[in-house]
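Visitor:
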Amino acid sequence: MASSARDRLSVIQHHLIARKADKHDEPSQTATTGTSCNSCNKETHCCSGNLSGNSGLEQCKIGWQAVSSKPGGSEPSGDVTTQTIPLKRQEILKWNGWGYKDSKFLVHKEKEYYVSFSGRRYKIGSMVLPHFATWVIDTLGVNFNDCTPPQPLPKPQDYPEPIIKEEFLNAVQNLGITHSLDGEDRLFRAHGHTLAEIFVLREGMFPRLPDLVVWPTNHGQVEKIVDLACRYQVVLIPIGGGTSVSGALLCPEEESRMIVSLDTSQMCRILWLDEKNLTARIEAGIIGQDLERQLQARGYTTGHEPDSYEFSSLGGWVATRASGMKKNIYGNIEDLLVQVKVVTPRGNVERYTAGPRLSAGPDVQHFIMGSEGTLGVITEVTMKVRPLPQVQRYGSIVFPNFTSGVNCMREVALHRCQPASIRLLDNEQFKFG
């Protein structure tokens, strides 16, 4: 990163020269560097242009729209992008564990036990891992001869009966909002991914599930759902990717009111991309891998990669104040956030700013970040983006002992020369990786 005033000025001049040279051309697919000048975050809309020349675009089916960024602007229109995770998540995701149904560790026995990994989504897919079984036995003490298989997916009659507020359900139907009373849909949105929650899925049943699942497709529909919930005394629990590890998605067992899971996954468009100010306005339900694929097709990135990036949503990142693996360069979500729109029972909450920061008054966005959906439903986010780096390099260093590794990390931090991501692993983590 540019660490001095002279370095920062040279970076700015480099970008200005590049912009002047290309002012009549389409933006380059490859960025100048992985480090950019600070964006001014001015809220102006960007004409997105025709992306037909971008590589991989036909496969991604990216739909870009240029819409008004002014308060009260028109609803976005256009095609919704192809999503990795479908509306019915159970079609490709495990119902009682993490990840895709076709990707898992399989234990085999011949003379000795050995482990393979199924599917072709990952580099280890359809491969035998010859030393993994021995590592699991020696390190974790697992006895492969004493295995208890998990329970099967519950039958329709095994799910807790829903509590239905007929007036609310009829109003949702009249609005044409997609919804479901199906037990499997309700179960998928009744939990996060803590060890305790996964154990319940494999061995028992949650005593209380959401009674209804709704899938709004834009900010306006969320406003209507929240208004109906207030009118008919209905509990709303927002859900994005469902990767929560804080228990925020669990339904209180003693709750006697109707509980509705508000699934934001169908709000998944990039509304506009401002290539001058390096900001983008994005609907909160978009999944991390979809967001990055669409931005990278245009030559940009958020640089935000939490461990759950493959399945978690943008709104979830804001609601949990997420941290990413590349935070040394790109920052955490609070560093990337420019503006957030939230629907609350008392109306919309949104801070409008045309500059990089405001000094007057408390920043309401810091109340929203980390609120876990308790204050409202996050519907749209304006965040910083950066040009893709020209070069990505990976490497490792072996230390004689762990203390030497810690000392190296301290030295890196002291001289402020961190790469985008740096981790120190002990021997057990190294063997597992």
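Here the UniProt record's numbering is used: position 274 in the sequence shown is 274, and no number is missing along the way.
Yeah, the Cβ is synthetic: ideal placement off N, Cα and C, and Gly gets one too.
The structure displayed is predicted, hence computed values, not measured ones.
Using the C-alpha atoms, what's the distance from K224 back to E166?
Guide: For this step, residue 166 is matched to residue 166 along the sequence shown. For this step, residue 224 is matched to residue 224 along the sequence shown. Rounded to the nearest angstrom, the two C-alpha atoms are 16 Å apart.
Visitor: Over what stretch of residues does the beta strand (DSSP E) that includes T344 continue unbroken?
Guide: As a first step, residue 344 is located in the sequence shown; it is residue number 344 there, counting from the start. Run containing T344: L337 to T344, per the beta strand (DSSP E) assignment.
Visitor: Report the rounded CA-to-CA distance for G324 versus E334, giving the unit in angstroms.
Guide: Sequence index remark: in the sequence shown, residue 324 carries index 324 (1-based). Sequence index remark: in the sequence shown, residue 334 carries index 334 (1-based). Approximately 11 Å between the Cα atoms of the pair.
Visitor: For A190, name the three-state secondary structure that DSSP assigns.
Guide: Numbered from its first residue, the sequence shown carries residue 190 at position 190. If DSSP states are grouped into helix, strand and coil, A190 belongs with coil.
Visitor: Just how far apart, CA to CA, sit E275 and G303?
Guide: As a working note, residue 275 is residue 275 in the sequence shown. As a working note, residue 303 is residue 303 in the sequence shown. The alpha-carbon atoms of E275 and G303 are separated by roughly 16 Å.
Visitor: Pull up the distance between the alpha-carbon of L250 and that of L336, whole angstroms please.
Guide: Taking the first residue of the sequence shown as 1, we reach residue 250 at position 250. Taking the first residue of the sequence shown as 1, we reach residue 336 at position 336. Rounded to the nearest angstrom, the two C-alpha atoms are 29 Å apart.
Visitor: Should S312 go down as buried or exposed, given a rule of 16 or more other Cβ atoms within 10 Å for buried?
Guide: Taking the sequence shown and counting its residues from 1, the one referred to as residue 312 is at position 312. Buried, by the Cβ-count rule.
Visitor: If we require 4 or more residues per run, which alpha helix (DSSP H) segments fall completely within the stretch 158–231?
Guide: Listed in chain order, they are 166–175, 183–188 and 195–203.
Visitor: Is there at least one non-hydrogen atom of the ligand ADP closer than 7 Å to the beta-carbon of E161?
Guide: For the ligand ADP, the structure offers nothing, since it holds no ligand at all.
Visitor: Using C-beta distances below 8 Å, list every residue in its chain close to Q221, excluding the 5 sequence neighbours before and after it, in chain order.
Guide: Taking the sequence shown and counting its residues from 1, the one referred to as residue 221 is at position 221. These residues qualify, in order along the chain: L175 and I177.
Visitor: May I ask you to report which of helix, strand or coil DSSP gives F399?
Guide: For the purposes of this step, residue 399 is taken as the residue at position 399 of the sequence shown. In this structure, F399 counts as coil in the three-state DSSP scheme.
Visitor: Taking C-beta to C-beta, are R269 and E283 nearer than 8 Å?
Guide: Here residue 269 refers to the residue found at position 269 when the sequence shown is read from its first residue. Here residue 283 refers to the residue found at position 283 when the sequence shown is read from its first residue. Yes, the pair counts as a contact, with Cβ atoms nearer than the cut-off.
Visitor: Please work out which residues of its chain come closer than 7 Å, Cβ to Cβ, to L181, disregarding the five sequence neighbours upstream and downstream, and give them in chain order.
Guide: One-based indexing of the sequence shown puts residue 181 at position 181. Taken in chain order, the residues that qualify are P162 and L212.
Visitor: Quick one, are the C-beta atoms of P160 and R208 less than 8 Å apart?
Guide: Position 160 of the sequence shown holds residue 160. Position 208 of the sequence shown holds residue 208. Contact flag set, yes.
Visitor: At the level of alpha carbons, what is the spacing between E305 and K326?
Guide: On the sequence shown, position 305 is the one that residue 305 refers to. On the sequence shown, position 326 is the one that residue 326 refers to. Looking at the two C-alpha atoms, the distance is approximately 7 Å.
Visitor: With a Cβ-Cβ cutoff of 8 Å, do Q83 and I287 count as a contact?
Guide: Start at 1 with the first residue of the sequence shown, and residue 83 comes out as number 83. Start at 1 with the first residue of the sequence shown, and residue 287 comes out as number 287. Contact: yes.
Visitor: With distances taken Cα to Cα, identify the nearest neighbour of G315 among P362, M369, L271 and S359.
Guide: Mapped onto the sequence shown, residue 315 falls at position 315. The candidate whose alpha carbon is nearest that of G315 is M369.
Visitor: What span of residues does the beta strand (DSSP E) with D274 cover, start to end?
Guide: Position 274 of the sequence shown, counted from the first residue, corresponds to residue 274. That run of the beta strand (DSSP E) goes I270 to D274.
Visitor: When you compare only the Cα positions, how much space is there between L291 and K111?
Guide: In the sequence shown, residue 291 corresponds to position 291, counting from 1. In the sequence shown, residue 111 corresponds to position 111, counting from 1. Roughly 46 Å between the two C-alpha positions.
Visitor: Expressed to the nearest angstrom, what Euclidean distance is found between the alpha-carbon atoms of N427 and T301?
Guide: Sequence index remark: in the sequence shown, residue 427 carries index 427 (1-based). Sequence index remark: in the sequence shown, residue 301 carries index 301 (1-based). Cα-Cα distance, rounded: 33 Å.
Visitor: Grab me the residues of Y113's own chain with a C-beta within less than 7 Å of its C-beta, minus the 5 sequence neighbours each way, in chain order.
Guide: The count along the sequence shown starts at 1 and reaches residue 113 at position 113. Contacts found: V107, A133 and F144.
Visitor: Within the continuous alpha helix (DSSP H) that includes L262, where are the two ends?
Guide: Numbered from its first residue, the sequence shown carries residue 262 at position 262. Run containing L262: none in the alpha helix (DSSP H); it sits in the beta strand (DSSP E), I259 to D263.
Visitor: Any idea which residues DSSP pairs N348 with across the strands?
Guide: Taking the first residue of the sequence shown as 1, we reach residue 348 at position 348. Beta-bridge pairing links N348 to V343.
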